[in-house]
Amino acid sequence: MMGSGKERRSYFRINDAVGLRFHELSDTEVGEGQAQSYSIEDTLRSIDREFNQLVNVLWQDNPSAANALGLLNRKMTLISEVVLGGGQAGVSEDFKETQVNISGAGIAFAADKSYPVGARLALTLQLRPSNTELQITGEVTACNKQEESGGQADGEYWLRVSFEPGNDAAQDRLVQHIVQRQCAMLEKNTRGEGSAPSLFSGFTERNKT
């Protein structure tokens, strides 16, 4: 039986492709993942959570339909950003497709520049295939040159980030996504539709990020 919530979030880990954008926070700045939310935003997040679950299930049998629904969700996200932002268009198109190693407790990915250990980052993740967006803050725990860490992803540095306290809702949704992806791939593999890809690499190695 698992102990703390952090252990539960750390247990499941996958290699995944996500849309990613991030920036460094000042010592006093509060990231979006920790900001106070309003009822309409809570409702939208609840809808996104259910949508992500259903699309991950659909992805097992019909990836094209799942991707089409993800694009529709992305379009609706842009519209909601305009409405909630008082007519100001959002920046949802600024995501970089990124290969990551991720759990509910942290994330590792390739970056073009070095960040000091202890630096705080505000990250926005766009989950695939639903294009659901999560805002979350984290602290850099390691930043190594790719040749030192053995990484092969694009970017000069391999960055490891531990999510900060106060991101519980986003972390719980991320764990749900990870578990759904694992279950979908396991079922696909069991049905003999090909071996499970690197999505599963290291999902029980709890100390990567």
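The sequence shown begins at 2 in the working numbering and counts up by one.
Heads up, the beta-carbon is just placed ideally off N, CA and C, and yes, glycines get one too.
Being a predicted model, the structure only gives us computed values, none of them experimental.
Notebook entry, point to check: Do you know offhand how far Trp159's Cα is from Asn102's?
Noted result: Mapped onto the sequence shown, residue 159 falls at position 158. Mapped onto the sequence shown, residue 102 falls at position 101. Cα atoms of Trp159 and Asn102: separation of roughly 11 Å, rounded to the nearest angstrom.
Next item on the list: Using the Cα positions of Asn168 and Glu148, report the straight-line distance between them to the nearest angstrom.
Entry: Here residue 168 refers to the residue found at position 167 of the sequence shown. Here residue 148 refers to the residue found at position 147 of the sequence shown. Whole-angstrom Cα-Cα distance: 32 Å.
Checklist line | Contacting residues, own chain, Cβ-Cβ under 8 Å from Ala18 (five flanking each side not counted) | finding: The residue given as residue 18 occupies position 17 in the sequence shown. Once the five neighbours on either side are set aside, the close Cβ partners of Ala18 are Glu98, Thr99, Gln100, Val101, Arg129.
Check: Do you know whose CA, among Ala67, Gly105, Phe13, lies nearest Gln136's CA?
Finding: Reading the sequence shown from its first residue, position 135 is the one you call residue 136. Restricting attention to Ala67, Gly105, Phe13, the CA atom closest to the CA of Gln136 is found in Gly105.
Next item on the list: Would you mind working out which of Trp60, Leu21, Gly156 sits nearest Asn145, comparing C-alpha positions?
Entry: Here residue 145 is taken as the residue at index 144 of the sequence shown, counted from 1. When Trp60, Leu21, Gly156 are compared, the shortest CA-CA separation from Asn145 is found for Gly156.
Check: What does Val19 pair with, by DSSP beta-bridge criteria?
Finding: Within the sequence shown, the letter at position 18 stands for residue 19. For Val19, which the question treats as bridged, DSSP gives the partners Thr99.
Notebook entry, point to check: Closest to Lys114 by CA distance: which of Met186, Phe23, Asn16 is it?
Noted result: Indexing the sequence shown from 1 puts residue 114 at position 113. Check the Cα spacing between Lys114 and each of Met186, Phe23, Asn16: the tightest is with Phe23.
Margin query: Using the three-state DSSP reduction, which class does Leu128 fall into: helix, strand or coil?
Written below: Taking the sequence shown and counting its residues from 1, one reaches residue 128 at position 127. In the structure shown, Leu128 falls within a coil segment according to DSSP collapsed to helix, strand and coil.
Margin query: In this structure, how does DSSP classify Lys1 when only helix, strand and coil are distinguished?
Written below: Past the edges of the chain, shown from 2 to 210, lies residue 1, and the structure says nothing about it.
Next item on the list: Please report the Cβ distance between Ala131 and Asn74, rounded to the nearest whole angstrom; I am assuming they are in contact, meaning their Cβ atoms lie under 8 Å.
Entry: Indexing the sequence shown from 1 puts residue 131 at position 130. Indexing the sequence shown from 1 puts residue 74 at position 73. The amino acid at residue 131 is misidentified as Ala; the sequence shows Ser. Under the criterion of beta carbons closer than 8 Å, Ser131 and Asn74 qualify as touching, at roughly 6 Å.
Check: If you draw a straight line from the C-alpha of Arg121 to the C-alpha of Phe13, how long is it?
Finding: By one-based count along the sequence shown, residue 121 stands at place 120. By one-based count along the sequence shown, residue 13 stands at place 12. Here the alpha carbon of Arg121 sits roughly 23 Å from the alpha carbon of Phe13.
Item checked: Cβ-based burial, Val92 [other Cβ within 10 Å; buried from 16] -> Your numbering for residue 92 matches position 91 in the sequence shown. Below a pLDDT of 50, predicted positions are generally treated as unreliable, and Val92, at 43, falls in that range; no measurement from the model is reported.
Note to self: If I follow the unbroken beta strand (DSSP E) through Ala143, where does it start and stop?
What the structure shows: Locating residue 143 in the sequence shown gives position 142, where the first residue counts as 1. Bounds of the beta strand (DSSP E) holding Ala143 are 134-146.
Checklist line | Between the CA atoms of Cys184 and Val58 - distance to the nearest angstrom | finding: Residue 58 sits at position 57 when you count from the first residue of the sequence shown. Residue 184 sits at position 183 when you count from the first residue of the sequence shown. C-alpha separation (whole angstroms): 9 Å.
Margin query: Mapping the DSSP letters down to three states, classify Ala120 as helix, strand or coil.
Written below: By 1-based counting over the sequence shown, the position of residue 120 is 119. Three-state DSSP puts Ala120 in coil, outside helix and strand.
Check: In whole angstroms, what separates the C-alpha of Thr191 from that of Gln61?
Finding: Here residue 191 refers to the residue found at position 190 when the sequence shown is read from its first residue. Here residue 61 refers to the residue found at position 60 when the sequence shown is read from its first residue. Each residue's Cα considered, the two are about 12 Å apart.
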